[in-house]
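With my numbering applied, the sequence shown closes on residue 179, and no number is skipped along the way. Every residue gets a Cβ at the ideal spot worked out from N, C-alpha and C, and that includes glycine. Below is one structure; the comments refer to it alone.
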Amino acid sequence: MTKYQPELKAQIVHEYLTTSKSLSDLEEKYHISYKLISEWVNRYRLQGIDAFWHRKSRRFFSVDFKLRVIDYYQTHEESMASVAAKFDLLPHQISVWLSQFQTGGIETLKPHRKGRKPQMTHSKNKIRHLAGKTEVERLKEELAQKNKELRQTKLERDILKKSLALFGPSRPNKKHR
3 MTKYQPELKA QIVHEYLTTS KSLSDLEEKY HISYKLISEW VNRYRLQGID AFWHRKSRRF
63 FSVDFKLRVI DYYQTHEESM ASVAAKFDLL PHQISVWLSQ FQTGGIETLK PHRKGRKPQM
123 THSKNKIRHL AGKTEVERLK EELAQKNKEL RQTKLERDIL KKSLALFGPS RPNKKHR
């Protein structure tokens, strides 16, 4: 949940723009920092009333868009906050993109998969891969795969044997009466 409701933000901005009250007057009245009120006013001027509503879904940005934002920030003499408001972003987002670009270039701005790499290959890909090979090549590859699986199984068996030797059986022996 947000700290300040969109209705309150809109009310404060409307009061600032329609009356002759200063930011410090509004700060005293609502007990909200004048810097925050100023940020709300700037966002309202650039984006309208939609600036106060939060998005429900996550946004994804292309490499071209990220480069445009970085280029705009570096070529214009504007603060990161004003550039962020202009492009409807968070200032921290621009800062992260800029540091990534400076350390790793364009490659770091490209989207990349998150999480672990898949351990098992899909059977459809395996069939397509094997379809273009001769019978001998296919059998050699299949034999190599089976040998790999056998080695893996032997390693797992040896680990289980060692753990049984060190820690004993998992079930306690029944007591004899």
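- Anticipated Cβ contact below 8 Å, Y32 with L25, distance rounded: Rounded to the nearest angstrom, the Cβ distance from Y32 to L25 is 11 Å, too far for a contact under 8 Å.
- Message: Among K58, I72, I34, S84, whose alpha-carbon lies nearest the alpha-carbon of Q49?
- Response: Selected option, being the one with the closest Cα: S84.
- Beta-carbon proximity list for S40, same chain, < 7 Å, skipping 5 on both sides: A distance below 7 Å between beta-carbons, with the five flanking residues on each side excluded, links S40 to the following residues of its chain, in chain order: L25.
- From T105, I96, L152, pick the residue whose C-alpha is nearest to that of F67; which is it? Of the residues T105, I96, L152, the one whose Cα lies closest to the Cα of F67 is I96.
- Item | N-terminal and C-terminal residue of the alpha helix (DSSP H) that H94 is part of | From DSSP, the alpha helix (DSSP H) with H94 extends over 93-106.
- DSSP state of L19, grouped into three classes? The answer is helix: DSSP assigns L19 an H, G or I state.
- Query: Would the stretch 76-83 and the stretch 51-66 be scored as touching if the rule is three or more Cβ pairs under 8 Å?
  - Reply: In short, these stretches do not touch, since the Cβ pair count stays below three.
- Extent of the continuous alpha helix (DSSP H) to which K59 belongs: The question names Lys, but residue 59 in the sequence shown is Ser. Per DSSP, S59 belongs to no alpha helix (DSSP H) and is neither H nor E.
- Could you name the residues of the same chain whose beta carbon sits closer than 6 Å to that of M3, not counting the 5 residues immediately before and after it, in chain order? For M3, the pLDDT reaches just 41, beneath the cut-off of 50, and the residue's location in the model is therefore unreliable, leaving the point undetermined.
- Which residue comes first and which comes last in the alpha helix (DSSP H) that contains N40? The displayed chain sequence assigns Ser, not Asn, to residue 40. Counting along the chain, S40 sits inside the alpha helix (DSSP H) bounded by residues 36-49.
- Message: For K112, tell me which candidate among R118, K119, L141, Q102 has the shortest Cα-Cα distance.
- Response: The shortest CA-to-CA distance from K112 to any of R118, K119, L141, Q102 is the one to Q102.
- Query: Does the separation of the CB atoms of Y46 and V15 fall below 7 Å?
  - Reply: Contact flag set, yes.
- Given a threshold of 16 other Cβ atoms within 10 Å of its Cβ, counted over all protein chains shown, does K148 qualify as buried or as exposed? Flag for K148 reads exposed.
- May I ask which residues mark the beginning and end of the alpha helix (DSSP H) holding Y32? Element bounds for Y32: 25-32.
- Task: Could you pull out every residue in the same chain whose Cβ sits closer than 6 Å to the Cβ of N44, ignoring the five residues on either side in sequence?
- Result: Excluding sequence neighbours, N44 sits near A87.
- Item | Straight-line gap, K119 to A167 (C-alpha atoms, nearest Å) | Rounded to the nearest angstrom, the two C-alpha atoms are 34 Å apart.
- Message: Below 8 Å on the Cβ atoms is my contact criterion, and I expect K23 with E17 to pass it. Report the Cβ-Cβ distance as a whole number of Å.
- Response: K23 to E17, Cβ: 6 Å. Contact.
- Query: Can you check whether the CB of K11 is closer than 7 Å to the CB of F54?
  - Reply: Against a cut-off of 7 Å, the Cβ pair of K11 and F54 comes out as a contact.
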